[in-house]
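Colleague: First, the structure itself, so that you have it in front of you.
Protein chains in written order, with the working numbering: chain E, 2 to 130; chain X, 100 to 460.
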């Protein structure tokens, strides 16, 4: 296993940082690929490998600007892998970021908070300008 | 705008391989995006026309800014200035419509009639004369724009004026750029058609209309354009419109009925009394209608709470099933509109129908 996976955000796919040795786990930006398998399957495969030998603490940041309904399934898949790590007695937390005025993304976070056992922290931020 | 309007537009544009129309105030960013949209979506056989088409679109667009007297009607809801690009057969049409004060009509008419009668050599002579002439009018160029449009398109500039009020007229002009390498049996589009479309757009308070083949490659520039164009709106509304378009356009690209290798679709964005109206339309196989109707009726029947429950149920249980997301898009859209998802199916042949949706935000 390479020791990290870092992907730049694009027009229709999010940026990815999976860097266990620096305790950085983040998915951010826009996610609206039509073919979600093509983008997400390698990412999820990578997280599954990480799950075989995870850190004691995994704080996973979801910082989406937007995602389409096809991406929802893949986000659910990622959370499912995190749940496995959690159930095995590790410390796992989801940090769900949303721009202060972005009610849609806040509600999306609340939906996940309702539907997973992992602790979810909703965190708003404000753009400087 | 209702489902009938969408079908009406689609029929007006039946022969258009791609068309894009915009109404409202004109900024350079709209122009940049419109040119990008057309460039990215034109058929490969027309690729040699790309640069010329961009040039002519820019000239036409800036011509609206140059001659427009729309300051008299600053409200976007009453502003009917209009820009459109369409491709039918071998020809691209660039149409502009803007209000000019009645006292300018005679001089614009005179310039256009002049450039429309000149042959190639006379046109070049006039071009050189205007370039060296010191008498350039205040609003930039003694008709240099018109001369360039004729020189570059190698066609005429059909135009018309329609009286809009005691003080203003609507000035219509059409640039025609023909691809000499493509044979076409299509009837050329007359400026009267452009006038009819502009009327339809203004009457239905449409801000933007796009008809084309919605493949996954073609969707991305459309979305970026809509996104950039919505920067002044409230974030919540902006997100909802964007979300609706992503879901619907991707749906068209996946499921719509294929005719001549194209998955044709249309979308319209309207705005009236503070409410955005979105409409889409595409062909669909008759076999698929029953199932789709059932899903639509189902989500329309459910309360906001029931929709949220259904959505969360999917988040909880849908993780292992690969087919579990059927209808998730619809559930999500229904959650976000305050109204129903209004739909309509109009039978076209025994094989397929026209399927349209409208929602309000």
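Every residue, glycine too, gets a C-beta built ideally from N, C-alpha and C. Note that this is a predicted model, so its numbers are computed, not measured.
Counting only C-beta atoms, is residue 438 of chain X closer than 8 Å to chain E at any point?
Modeller: Chain E contact via Cβ: absent.
Colleague: With a threshold of 8 Å between beta-carbons, can residue 87 of chain E be considered close to chain X, or not?
Modeller: Not closer than 8 Å to any Cβ of chain X, the Cβ of residue 87 of chain E fails to qualify, so no.
Colleague: Pick from X:266, X:459, X:182: whose alpha carbon is nearest that of residue 193 of chain X?
Modeller: Ranking X:266, X:459, X:182 by Cα distance to residue 193 of chain X puts X:182 first.
Colleague: Output yes or no for whether 8 Å exceeds the beta carbon distance between residue 268 of chain X and residue 199 of chain X.
Modeller: Their beta carbons are under 8 Å apart, which means residue 268 of chain X touches residue 199 of chain X by this criterion.
Colleague: By the DSSP assignment, the alpha helix (DSSP H) with residue 397 of chain X in it spans what residues?
Modeller: That run of the alpha helix (DSSP H) goes 388–400.
Colleague: Label residue 360 of chain X either buried or exposed according to how many other C-beta atoms from any shown protein chain fall within 10 Å of its C-beta, with 16 as the threshold for buried.
Modeller: The residue in question, residue 360 of chain X, is exposed, as its Cβ has fewer than 16 Cβ neighbours within 10 Å.
Colleague: State whether the segment 433–440 of chain X contacts the segment 391–402 of chain X, with contact taken as three or more CB pairs (one from each stretch) at a distance under 8 Å.
Modeller: Touching, yes.
Colleague: Between the segment 24–39 of chain E and the segment 6–13 of chain E, do three or more beta carbon pairs fall short of 8 Å?
Modeller: Counting Cβ pairs under 8 Å, three or more are found: they touch.
Colleague: With a cut-off of 8 Å, does the C-beta of residue 1 of chain E fall near any C-beta of chain X?
Modeller: Chain E is shown from 2 up to 130; residue 1 of chain E falls before or after that span and cannot be answered.
Colleague: Quick test of your reading: residue 115 of chain X and residue 187 of chain X, contact by CB under 8 Å. State the CB separation rounded to the nearest angstrom.
Modeller: Between residue 187 of chain X and residue 115 of chain X the Cβ distance is about 6 Å, and since that is below 8 Å, they are a contact.
Colleague: List in chain order: all unbroken alpha helix (DSSP H) runs of 4+ residues lying wholly within the segment 284–322 of chain X.
Modeller: Whole alpha helix (DSSP H) segments, 4+ residues: 290–302.
Colleague: Counting only beta-carbon atoms, is residue 44 of chain E nearer than 8 Å to chain C?
Modeller: Given the protein chain composition of this structure (E and X), no chain C is represented.
Colleague: Rounded to a whole number of angstroms, what is the C-alpha to C-alpha distance between residue 164 of chain X and residue 374 of chain X?
Modeller: When rounded, the distance between both Cα atoms is 27 Å.
Colleague: Shorter than 8 Å from the beta carbon of residue 113 of chain E to some beta carbon of chain X?
Modeller: Cβ-Cβ to chain X under 8 Å: yes for residue 113 of chain E.
Colleague: In this structure, how does DSSP classify residue 120 of chain X when only helix, strand and coil are distinguished?
Modeller: Correct three-state label for residue 120 of chain X: strand.
Colleague: How would you write the range of the beta strand (DSSP E) that residue 281 of chain X sits in, first residue to last?
Modeller: Neither: residue 281 of chain X is in no beta strand (DSSP E) and is coded neither H nor E.
Colleague: Based on the DSSP secondary-structure assignment, which residues constitute the bridge partners of residue 64 of chain E?
Modeller: Answer by DSSP bridge pairing, in chain order: E:29.
Colleague: Here's the rule: buried if 16 or more other CB atoms are within 10 angstroms of the residue's CB, otherwise exposed. What is residue 120 of chain X?
Modeller: Answer is buried; the Cβ neighbour count reaches 16.
Colleague: From the DSSP secondary-structure annotation, give me the bridge partner or partners of residue 252 of chain X.
Modeller: BP columns for residue 252 of chain X are empty, so no partner.
Colleague: List, in order along the chain, the chain X residues whose C-beta lies closer than 8 Å to that of residue 13 of chain E?
Modeller: Within chain X, the residues near residue 13 of chain E are 319.
Colleague: On the CB-based measure, 16 or more other CB atoms within 10 Å of its CB, does residue 24 of chain E come out buried or exposed?
Modeller: With fewer than 16 Cβ atoms within 10 Å of its Cβ, residue 24 of chain E is classed as exposed.
Colleague: Could you name the residues of the same chain whose beta carbon sits closer than 8 Å to that of residue 144 of chain X, not counting the 5 residues immediately before and after it, in chain order?
Modeller: Contacts found: 278, 280, 281.
Colleague: Could you work out which residues of chain E lie near residue 364 of chain X, taking near to mean beta carbons separated by less than 8 Å?
Modeller: None at all; the shortest Cβ gap to chain E is about 14 Å.
Colleague: Per the contact definition of three or more C-beta pairs closer than 8 Å, is the segment 315–327 of chain X in contact with the segment 206–219 of chain X?
Modeller: Taking 8 Å as the limit for Cβ pairs, the verdict is that the segment 315–327 of chain X does not touch the segment 206–219 of chain X.
Colleague: Once DSSP output is grouped into helix, strand and coil, what is the label at residue 98 of chain E?
Modeller: Of the three classes helix, strand and coil, the one that applies to residue 98 of chain E here is strand, per DSSP.
Colleague: Check whether the segment 78–93 of chain E and the segment 45–65 of chain E touch, using three or more Cβ-Cβ pairs below 8 Å as the test.
Modeller: Yes, since at least three Cβ pairs between the segment 78–93 of chain E and the segment 45–65 of chain E fall closer than 8 Å, the two stretches touch.
Colleague: If I'm right that residue 306 of chain X touches residue 369 of chain X with Cβ under 8 Å, what's the distance once you round it to whole angstroms?
Modeller: The pair is a contact, with the Cβ atoms about 6 Å apart (cut-off 8 Å).
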